[in-house]
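Written below as structure tokens is the structure these notes are about.
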Amino acid sequence: MLEVRDLHAAYGDAPVLFGASLSVKEGEIVELVGSNGAGKTTLIRCVTGLLRRRRGTIEFKGDRIETHPAHEVVDRGIACVPEGRQMFPSMSVEEHLLLGSYLRRARSRRAENLSRAYELFPRLKERRRQEAATLSGGEQQMLAIARALMSEPRLLILDEPSLGLAPVVVGQVFRTIAEIRKLGMTILLVEQNVQKTLRMADRAYVLESGRVTLTGTGSELLGNDLVRKAYLAL
Ligand SMILES: Nc1ncnc2c1ncn2[C@@H]1O[C@H](COP(=O)(O)OP(=O)(O)O)[C@@H](O)[C@H]1O
Ligand SMILES: [Mg+2]
Numbered sequence: 145m146l147e148v149r150d151l152h153a154a155y156g157d158a159p160v161l162f163g164a165s166l167s168v169k170e171g172e173i174v175e176l177v178g179s180n181g182a183g184k185t186t187l188i189r190c191v192t193g194l195l196r197r198r199r200g201t202i203e204f205k206g207d208r209i210e211t212h213p214a215h216e217v218v219d220r221g222i223a224c225v226p227e228g229r230q231m232f233p234s235m236s237v238e239e240h241l242l243l244g245s246y247l248r249r250a251r252s253r254r255a256e257n258l259s260r261a262y263e264l265f266p267r268l269k270e271r272r273r274q275e276a277a278t279l280s281g282g283e284q285q286m287l288a289i290a291r292a293l294m295s296e297p298r299l300l301i302l303d304e305p306s307l308g309l310a311p312v313v314v315g316q317v318f319r320t321i322a323e324i325r326k327l328g329m330t331i332l333l334v335e336q337n338v339q340k341t342l343r344m345a346d347r348a349y350v351l352e353s354g355r356v357t358l359t360g361t362g363s364e365l366l367g368n369d370l371v372r373k374a375y376l377a378l
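Going by my numbering, the sequence shown opens with residue 145, and the numbers climb by one from there.
Written as structure tokens, this is what we have:
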């Protein structure tokens, strides 16, 4: 479904990605692991059209998208929950969700999608008139995920959804991701919390200094000595 090949990216003259390749097949949950500064967010920004790649190709459902602007990428069915969630503090929960459905493709099913979001996240329904700034970190993350789902994506990308959340809430977020996956969603998950997430990943890639250095099934990587040393502090 998603095929990234030989991706090079830079900020000004500072190169960040040096030929990274990865793929996500329909129905899979694929995890991208890597320490701070490895280039995970940069790779995601190239896929979602927020950063122009220097070299390489990005294919989605058979079409090349590496030169598409961000709105077109969303329109084609890629939704992203960005690192840090990026909420509008004074907008209400429901306003955020409706904002996620502005696309022509999803607009006509807005009401259905809204009730589906509230089914998946009952907390958000209870708080639908509340301003985003007054939500807890976990609730904000749920809102960011629900908002991404409002565009009816075929591929959902989550960039470090557990970042900055209390451990109990992290568990809830990961359970929600597992639930969304069961509904048939294809997922690319960026995480440093590998202990909890590699188990549910079909496959995973390790990104180090802008290069993919290791790939395998989630359980293979969880059992890999290098991964255990670098990311599990064992
Ligand atoms: N907007 C930016 N301008 C300049 N350099 C950046 C920018 N964003 C990230 N970088 C640099 O690119 C490298 C990779 O960052 P990033 O993709 O955010 O890594 P990760 O998500 O894996 O932590 C880092 O060295 C970071 O400092
Ligand atoms: Mg990042």
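Ideal Cβ placement from N, Cα and C applies to all residues, glycine included.
{"Asked": "DSSP has Phe204 in a bridge; who is on the other side?", "Found": "Leu146 and Asp207"}
{"Asked": "Straight-line CA distance for Arg199 to Thr211?", "Found": "11 angstroms"}
{"Asked": "To the nearest angstrom, report how far apart Leu187 and Ser167 are at their CA atoms.", "Found": "12 angstroms"}
{"Asked": "Under 8 angstroms, with one C-beta from each stretch per pair, do the stretch 293-308 and the stretch 209-227 reach the 3-pair mark?", "Found": "yes"}
{"Asked": "Using a threshold of 6 angstroms, is the CB atom of Gly181 nearer than that to any non-hydrogen atom of ligand 1?", "Found": "yes"}
{"Asked": "Please list the terminal residues of the continuous beta strand (DSSP E) segment that includes Asp219.", "Found": "No beta strand (DSSP E) contains Asp219, which is instead part of the alpha helix (DSSP H) from Ala214 to Arg220."}
{"Asked": "Taking a contact to mean a Cβ-Cβ separation below 7 angstroms, would you say Leu161 touches Gly360 in this structure?", "Found": "no"}
{"Asked": "In chain order, what are the residues with a CB under 7 angstroms from some non-hydrogen atom of ligand 2?", "Found": "Lys184, Thr185, Glu227, Asp303, Glu304 and Val334"}
{"Asked": "Considering only heavy atoms of ligand 4, does any lie closer than 6 angstroms to the CB of Tyr375?", "Found": "Ligand 4 is not among the ligands present in this structure, which contains only ligand 1 and ligand 2."}
{"Asked": "Flag Val356 as yes when its Cβ comes closer than 6 angstroms to any non-hydrogen atom of ligand 1, and as no otherwise.", "Found": "no"}
{"Asked": "Throw me the rounded Cβ distance for the Val356 and Ala154 pair, which I believe falls under 8 angstroms.", "Found": "That pair is no contact at about 17 angstroms."}
{"Asked": "Does the count of Cβ pairs from the stretch 231-246 and the stretch 305-315 closer than 8 angstroms reach three?", "Found": "no"}
{"Asked": "Less than 6 angstroms between the CB of Tyr246 and some heavy atom of ligand 1, yes or no?", "Found": "no"}
{"Asked": "Note down, in chain order, each residue of its chain lying with its Cβ closer than 6 angstroms to the Cβ of Ala345, except the 5 sequence neighbours on either side.", "Found": "Ile173, Glu175 and Gly362"}
{"Asked": "For Tyr262, which three-state DSSP category applies?", "Found": "helix"}
{"Asked": "What are the start and end residues of each continuous beta strand (DSSP E) run of 3 or more residues lying completely inside the stretch 242-313, in chain order?", "Found": "299-303"}
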